[in-house]
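Protein chains in written order, with the numbering used here: chain D, 1 to 199; chain Z, 1 to 199. Beta carbons: idealized from backbone N, C-alpha and C, even for Gly.
There are 2 protein chains.
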Amino acid sequence: MANFSATDVKELRERTGAGMMDCKRALEEAGGDVEKALVLLRERGLAAAARKAGREAREGTVASYIHPGGRVGVLIEVNCETDFVARTDQFQKLVRDLAMQVAGLAPLYVDIDRIPPGDLEAKQAALLADETVQKKPEHIRPQIVEGQLKKWQAEVCLLEQPFRDTDQSVRELITDAIATIGENIVVRRFSRFELGEEQ
Amino acid sequence: MANFSATDVKELRERTGAGMMDCKRALEEAGGDVEKALVLLRERGLAAAARKAGREAREGTVASYIHPGGRVGVLIEVNCETDFVARTDQFQKLVRDLAMQVAGLAPLYVDIDRIPPGDLEAKQAALLADETVQKKPEHIRPQIVEGQLKKWQAEVCLLEQPFRDTDQSVRELITDAIATIGENIVVRRFSRFELGEEQ
Numbered sequence: 001m002a003n004f005s006a007t008d009v010k011e012l013r014e015r016t017g018a019g020m021m022d023c024k025r026a027l028e029e030a031g032g033d034v035e036k037a038l039v040l041l042r043e044r045g046l047a048a049a050a051r052k053a054g055r056e057a058r059e060g061t062v063a064s065y066i067h068p069g070g071r072v073g074v075l076i077e078v079n080c081e082t083d084f085v086a087r088t089d090q091f092q093k094l095v096r097d098l099a100m101q102v103a104g105l106a107p108l109y110v111d112i113d114r115i116p117p118g119d120l121e122a123k124q125a126a127l128l129a130d131e132t133v134q135k136k137p138e139h140i141r142p143q144i145v146e147g148q149l150k151k152w153q154a155e156v157c158l159l160e161q162p163f164r165d166t167d168q169s170v171r172e173l174i175t176d177a178i179a180t181i182g183e184n185i186v187v188r189r190f191s192r193f194e195l196g197e198e199q
Numbered sequence: 001m002a003n004f005s006a007t008d009v010k011e012l013r014e015r016t017g018a019g020m021m022d023c024k025r026a027l028e029e030a031g032g033d034v035e036k037a038l039v040l041l042r043e044r045g046l047a048a049a050a051r052k053a054g055r056e057a058r059e060g061t062v063a064s065y066i067h068p069g070g071r072v073g074v075l076i077e078v079n080c081e082t083d084f085v086a087r088t089d090q091f092q093k094l095v096r097d098l099a100m101q102v103a104g105l106a107p108l109y110v111d112i113d114r115i116p117p118g119d120l121e122a123k124q125a126a127l128l129a130d131e132t133v134q135k136k137p138e139h140i141r142p143q144i145v146e147g148q149l150k151k152w153q154a155e156v157c158l159l160e161q162p163f164r165d166t167d168q169s170v171r172e173l174i175t176d177a178i179a180t181i182g183e184n185i186v187v188r189r190f191s192r193f194e195l196g197e198e199q
């Protein structure tokens, strides 16, 4: 009756990390189309991830990444819910990827809501004071600054940044990990030191 | 004429890191007594270190230490004057030792003059408000608090802490390294993350 093979189920499991029964059900609903089943599972995974995102995460790991040559280094704390998950290769790989992301793209904050109000106001004032903005009519300046501020936030917040050269954001990368790992995952904090930089 | 052997010179070089000629001269002045020559070299080394301590140090390395299990991690930047010294085993070992010190003894600041005034005032107020201090006559309270504040500073400042289980402070360890390496060495900053700690 089933119009899919054990190989299809295996492929789906490998690509999504979802359980055997979930994969079979998705394939049945998708009429045996692996790509369709993948979309179904992904939607469900994200829905499940959204439910998990509120759960307390106090386990996890502290990890580091030092760029070859020792001129840039990153320390990061990523939380999950259990020590068991913290030890898995999948979680450890995610943490390593995040540390390398911080080393390479030098974000200043984890997320937009973690930007200290003082920093935000200072940036806003600096953007408003900029010559090119001051040349514009006064009534449209707030709108311009608002747009520039959003752009700046997307650059300096880890979760808003594109992950490496993919079209996925770091937030989406983590949401996918929550869906496949099945626990809430939170980047708690990071430090990034660059040799001799001004503090 | 010399009342010391090549082996004495070799021993002295290994124990102090000083140059061949400096070792010979110290042995001559000490009448061939290796221990006396060691004291002489040490005094001169510290004097040289004091002269070097003002020099600009903008090279160095960013390094990390993660405690086994991944629950405590440290990122540290230590500066020296040249990239050449930064790559030496001796400098790299010093940096590793310092990172492990931070992991184990959890200092909050590099040095006393790096404690933010606000933190110092808050600690002072907390000590003064303590019940045991409040029970003492008012006129001796500032003196008690002053003593307790000094003790606290010695505990929370990396350079004031005893290095491991030696009777040497971290500051002395670094001064010795400056003397033997021959460049100014400065702990610029560190971050220490402990899994799930309150921030």
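Self-check item: Status (buried if at least 16 other CB within 10 Å, exposed otherwise) for Gln143 (chain D)
Solution: Position 143 of the first sequence, counting from 1, holds the residue named residue 143 (chain D). Using a 10 angstroms sphere on the CB of Gln143 (chain D), the tally of other CB atoms stays under 16, which defines it as exposed.
Quiz item: At a CB-CB cut-off below 7 Å, which residues of chain Z make contact with Glu77 (chain D)?
Solution: Walking along the first sequence from the start, residue 77 (chain D) turns up at place 77. Result: Phe193, Leu195.
Practice problem: Kindly confirm or deny that the stretch 117 to 126 of chain D and the stretch 161 to 175 of chain D touch, where touching means at least three C-beta pairs closer than 8 Å. | Solution: No, because fewer than three Cβ pairs between the stretch 117 to 126 of chain D and the stretch 161 to 175 of chain D fall closer than 8 Å, the two stretches do not touch.
Quiz item: How do the stretch 55 to 64 of chain D and the stretch 149 to 166 of chain D stand: do at least 3 beta-carbon pairs fall below 8 Å, yes or no?
Solution: Judged by Cβ distances under 8 Å, the stretch 55 to 64 of chain D makes no contact with the stretch 149 to 166 of chain D, as fewer than three pairs qualify.
Quiz item: Hey, does Ala48 (chain D) have any beta-carbon neighbour from chain Z nearer than 8 Å?
Solution: By one-based count along the first sequence, residue 48 (chain D) stands at place 48. Closer than 8 Å: no.
Exercise. Kindly indicate which residue of D:Arg42, D:Asp33, D:Arg164, D:Arg51 has the alpha-carbon position closest to the one of Ala99 (chain D).
Key: Looking up residue 99 (chain D) in the first sequence gives position 99. When each option's Cα is compared against that of Ala99 (chain D), the closest is D:Arg164.
Exercise. Name the residue from D:Val95, D:Thr16, D:Ala53, D:Gly54 whose alpha carbon lies nearest to the alpha carbon of Leu38 (chain D).
Key: Here the question's residue 38 (chain D) lines up with position 38 in the first sequence. Here the closest residue by C-alpha is D:Thr16.
Self-check item: C-beta atoms of Leu149 (chain D) and Pro107 (chain D) nearer than 8 Å
Solution: Indexing the first sequence from 1 puts residue 149 (chain D) at position 149. Indexing the first sequence from 1 puts residue 107 (chain D) at position 107. It is not a contact, given that the beta carbons lie outside the stated cut-off.
Exercise. For Arg71 (chain Z), decide whether its Cβ has a neighbour in chain D, counting only Cβ atoms nearer than 8 Å.
Key: Translated into positions along the second sequence, residue 71 (chain Z) becomes position 71. Closer than 8 Å: yes.
Quiz item: So is Ile66 (chain Z) in contact with chain D if we call contact Cβ pairs under 8 Å?
Solution: As a working note, residue 66 (chain Z) is residue 66 in the second sequence. Yes, its Cβ sits closer than 8 Å to a Cβ of chain D.
Self-check item: Proximal chain D residues relative to Ala63 (chain Z), where beta-carbon distance stays under 8 Å
Solution: Within the second sequence, numbered from 1, the residue matching residue 63 (chain Z) stands at position 63. Those within 8 Å of Ala63 (chain Z) in chain D are Ile66, Gly70, Gly73.
Quiz item: Where do the ends of the beta strand (DSSP E) carrying Glu59 (chain Z) lie?
Solution: As a first step, residue 59 (chain Z) must be located in the second sequence, where it is residue number 59. For Glu59 (chain Z), the enclosing beta strand (DSSP E) begins and ends at 59 to 66.
Practice problem: Label Phe84 (chain D) either buried or exposed according to how many other C-beta atoms from any shown protein chain fall within 10 Å of its C-beta, with 16 as the threshold for buried. | Solution: For the purposes of this step, residue 84 (chain D) is identified with residue 84 of the first sequence, where counting begins at 1. In summary, Phe84 (chain D) is exposed, with fewer than 16 beta-carbon neighbours lying within 10 Å of its beta-carbon over all protein chains present.
Quiz item: Closer than 8 Å, CB to CB, is Arg114 (chain D) near chain Z or not?
Solution: The residue given as residue 114 (chain D) occupies position 114 in the first sequence. Cβ-Cβ to chain Z under 8 Å: no for Arg114 (chain D).
Exercise. Write down the C-beta distance between Tyr236 (chain Z) and Arg25 (chain Z) rounded to the nearest angstrom, noting that I regard them as a contact closer than 8 Å.
Key: This structure does not reach residue 236 (chain Z), given that chain Z is present from 1 up to 199, and the question cannot be answered.
Practice problem: Run down chain D in chain order and give the residues with a C-beta less than 9 Å from the C-beta of Arg58 (chain Z). | Solution: Here residue 58 (chain Z) is taken as the residue at index 58 of the second sequence, counted from 1. By Cβ distance, chain D contributes Leu195, Gly196.
Exercise. Less than 8 Å between the CB atoms is what I'm expecting for Arg13 (chain D) and Met20 (chain D), so what's the real figure, rounded?
Key: As a first step, residue 13 (chain D) is located in the first sequence; it is residue number 13 there, counting from the start. As a first step, residue 20 (chain D) is located in the first sequence; it is residue number 20 there, counting from the start. Confirmed, Cβ separation roughly 7 Å.
Quiz item: Expressed to the nearest angstrom, what Euclidean distance is found between the alpha-carbon atoms of Ile178 (chain Z) and Phe193 (chain Z)?
Solution: Here residue 178 (chain Z) is taken as the residue at index 178 of the second sequence, counted from 1. Here residue 193 (chain Z) is taken as the residue at index 193 of the second sequence, counted from 1. Roughly 28 Å between the two C-alpha positions.
Quiz item: What is the DSSP secondary structure of Gly200 (chain Z), reduced to helix, strand or coil?
Solution: Residue 200 (chain Z) cannot be examined here, being either before or after the span of chain Z that is shown, 1 to 199.
Quiz item: Does the beta-carbon distance from Val72 (chain Z) to Ala49 (chain Z) come in below 8 Å?
Solution: Residue numbering aside, residue 72 (chain Z) sits at position 72 when the second sequence is read from its first letter. Residue numbering aside, residue 49 (chain Z) sits at position 49 when the second sequence is read from its first letter. No, the pair does not count as a contact, with Cβ atoms beyond the cut-off.
Quiz item: In or out: Ile140 (chain Z) buried (at least 16 other Cβ within 10 Å) or exposed?
Solution: Counting from one through the second sequence, the residue named residue 140 (chain Z) turns up at place 140. Under the 10 Å beta carbon count, Ile140 (chain Z) is surrounded by fewer than 16 other beta carbons and is classified as exposed.
Practice problem: Please report how far the alpha carbon of Glu197 (chain Z) lies from the alpha carbon of Glu77 (chain Z), in whole angstroms. | Solution: As a first step, residue 197 (chain Z) must be located in the second sequence, where it is residue number 197. As a first step, residue 77 (chain Z) must be located in the second sequence, where it is residue number 77. Near 23 Å, if we compare the C-alpha coordinates of Glu77 (chain Z) and Glu197 (chain Z).
Quiz item: Would Glu183 (chain D) be called buried (16 or more neighbouring beta carbons within 10 Å of its own) or exposed?
Solution: Looking up residue 183 (chain D) in the first sequence gives position 183. Around the beta carbon of Glu183 (chain D), 16 or more other beta carbons lie within 10 angstroms, which makes this residue buried.
Practice problem: Output yes or no for whether 8 Å exceeds the beta carbon distance between Gln161 (chain Z) and Gln101 (chain Z). | Solution: As a first step, residue 161 (chain Z) is located in the second sequence; it is residue number 161 there, counting from the start. As a first step, residue 101 (chain Z) is located in the second sequence; it is residue number 101 there, counting from the start. Gln101 (chain Z) sits close to Gln161 (chain Z), with the two beta carbons spaced by under 8 Å.
Quiz item: Cα-Cα, which of D:Ile115, D:Ser5, D:Val186 is closest to Asp33 (chain D)?
Solution: As a working note, residue 33 (chain D) is residue 33 in the first sequence. Minimum Cα distance to Asp33 (chain D) is reached at D:Ser5.
Practice problem: Could you please give the first and the last residue of the uninterrupted alpha helix (DSSP H) stretch that includes Leu127 (chain Z)? | Solution: Locating residue 127 (chain Z) in the second sequence gives position 127, where the first residue counts as 1. DSSP places Leu127 (chain Z) in the uninterrupted alpha helix (DSSP H) bounded by 117 to 129.
Practice problem: Within its chain, find whatever has a CB closer than 6 Å to the CB of Arg45 (chain D); leave out the 5 residues flanking it on each side and keep chain order. | Solution: If you number the first sequence from 1, residue 45 (chain D) lands on position 45. The sequence shown places Gly at residue 45 (chain D), rather than the Arg named in the question. Around Gly45 (chain D): Ala179.
Practice problem: Report buried or exposed for Gly69 (chain Z), applying the criterion of at least 16 other Cβ atoms within 10 angstroms of its Cβ. | Solution: Stepping through the second sequence from its first residue, residue 69 (chain Z) is reached at position 69. Gly69 (chain Z) is classed as exposed because its beta carbon has fewer than 16 other beta carbons within 10 Å across all chains shown.
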